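Residue numbers (this note's numbering): 113 to 205.
Accompanying notes for the structure given below.
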């Protein structure tokens, strides 16, 4: 397991950590690890906000066609040959 040292902690913060650790029946080190785990396990509110904003822009799909039909239509459009006109051109004459 890794060891970490934190320098220049404000006295007020240090005392608050000690009080919280004692209230939770943990050592100071255990308390700091618990606080870090809790903080890091929460989703980033900035990312959540970005996701919410994107979803507002995206809206919802309105239509009666099934997803399979829509996918098939897209595939068919992409499968058309863009260079069909060149089939009758002989470039080696």
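C-beta: ideal position from N, C-alpha, C; glycine also.
Here the structure is a predicted model, which is why all the values come from computation and not from measurement.
Which full runs of the beta strand (DSSP E) of 3+ residues lie inside the stretch 144 to 176, going along the chain?
-> none
Confirm, please, whether the CB-CB distance from residue 133 to residue 140 is below 8 Å.
-> Annotated as proximal: residue 140 and residue 133, with beta-carbon spacing under 8 Å.
Could you have a look at residue 188 and say whether DSSP puts it in helix, strand or coil?
-> Residue state, collapsed to three classes: helix.
Do you know how far the Cα of residue 144 is from the Cα of residue 135?
-> 13 Å
Alpha-carbon spacing of residue 127 relative to residue 121, whole angstroms = 10 Å
Ends of the alpha helix (DSSP H) at residue 123?
-> 123 to 135
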